[in-house]
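Reviewing the structure listed below.
In the numbering used here, the protein residues as written are 18 to 177.
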């Protein structure tokens, strides 16, 4: 049998060069905008949470940042908790909620489609995380077009 002649990994070990940044740290020019759209179900993969983190980074880079929750994406913006709203049932359970609250706190705007909220997922506006603005389903496309017209950076988040 072959033998392993290396010591096991331990806490604090480094596997990659995490300090070597290859590209410049891009910052927004005055007035630049960004839109991050979400057509993804909460907790069905990491993309919802990862791109909420990206939206937060865009704010911190100086972009006037908006988040659009539509279709199943509205599930990211619903208040949750167990056994009571706001209670974290397990570590990470409230990650999306906390990140949306942080986006709003740091000046980002978050919008949720009223059609998806009610017709698809059976929720009303009081179910939304405080600070999310509910919008008419016809506003979904117009919000994207307004950002396109303003030459904004648009990051579309989809899962199937």
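Glycine included, C-beta positions come from ideal geometry on N, C-alpha and C. Predicted model, so just to flag it, every value in this text is computed and none were measured.
If you check the beta carbons only, do residue 118 and residue 148 fall under 9 Å apart?
Position 101 of the chain shown, counting from 1, holds the residue named residue 118. Position 131 of the chain shown, counting from 1, holds the residue named residue 148. It is a contact, given that the beta carbons lie within the stated cut-off.
Quick one: using the 10 Å Cβ neighbour count with 16 as the cut-off for buried, is residue 152 buried or exposed?
Within the chain shown, residue 152 is the residue found at index 135, counting from 1. With 16 or more Cβ atoms within 10 Å of its Cβ, residue 152 is classed as buried.
Could you tell me how far apart the beta carbons of residue 54 and residue 161 are, in whole angstroms, since I believe they sit closer than 8 Å?
On the chain shown, residue 54 is found 37 positions in, with the first residue counted as 1. On the chain shown, residue 161 is found 144 positions in, with the first residue counted as 1. Residue 54 to residue 161, Cβ: 7 Å. Contact.
Please say whether residue 96 and residue 103 have beta carbons closer to each other than 9 Å?
Walking along the chain shown from the start, residue 103 turns up at place 86. Walking along the chain shown from the start, residue 96 turns up at place 79. Cβ atoms of residue 103 and residue 96: closer than 9 Å.
Kindly indicate which three-state DSSP category residue 119 falls into: helix, strand or coil?
Residue 119 sits at position 102 when you count from the first residue of the chain shown. Here residue 119 sits in helix by DSSP.
Counting along the chain, where does the beta strand (DSSP E) carrying residue 86 start and finish?
On the chain shown, position 69 is the one that residue 86 refers to. Its beta strand (DSSP E) spans residues 81–86.
Considering only C-alpha positions, which residue in the set 132, 60, 75, 144 is nearest to residue 156?
Position 139 of the chain shown, counting from 1, holds the residue named residue 156. Looking at the Cα atoms, 132 is the closest of the given residues.
What three-state label does DSSP hand residue 140 in the structure shown?
For this step, residue 140 is matched to residue 123 along the chain shown. Here residue 140 sits in coil by DSSP.
Measuring CA to CA, which of 105, 66, 80, 30 is closest to residue 47?
For the purposes of this step, residue 47 is taken as the residue at position 30 of the chain shown. Ranking 105, 66, 80, 30 by Cα distance to residue 47 puts 80 first.
Of all the options 52, 19, 107, 21, which has the alpha carbon lying nearest to the alpha carbon of residue 165?
Here residue 165 refers to the residue found at position 148 when the chain shown is read from its first residue. Of the listed residues, the one whose Cα sits closest to residue 165 is 52.
Could you spell out where the alpha helix (DSSP H) holding residue 73 opens and where it closes?
The residue you call residue 73 lines up with position 56 of the chain shown. Looking at the DSSP string, the run of the alpha helix (DSSP H) that includes residue 73 is 64–77.
Tell me which same chain residues have a C-beta within less than 6 Å of the C-beta of residue 83, skipping the five on either side of it?
Sequence index remark: in the chain shown, residue 83 carries index 66 (1-based). Excluding positions up to five away in sequence, the list reads 52, 126.
For residue 170, list the residues DSSP reports as bridge partners.
For this step, residue 170 is matched to residue 153 along the chain shown. Partner(s): 51.
If you follow the beta strand (DSSP E) that residue 92 is part of, which residue opens it and which one closes it?
One-based indexing of the chain shown puts residue 92 at position 75. Looking at the DSSP string, residue 92 is not in any beta strand (DSSP E), and its letter there is neither H nor E.
Taking the Cβ atom as the reference point for each residue, do residue 176 and residue 65 lie within a distance shorter than 9 Å?
Mapped onto the chain shown, residue 176 falls at position 159. Mapped onto the chain shown, residue 65 falls at position 48. Cβ distance < 9 Å, so residue 176 and residue 65 count as in contact.
Leaving aside the five residues before and after residue 76 along the sequence, list all residues of the same chain whose C-beta is less than 7 Å from its C-beta, in chain order.
In the chain shown, counting from the first residue as 1, residue 76 sits at position 59. So the qualifying residues of the chain are 82, 120, 123, 124, 125.
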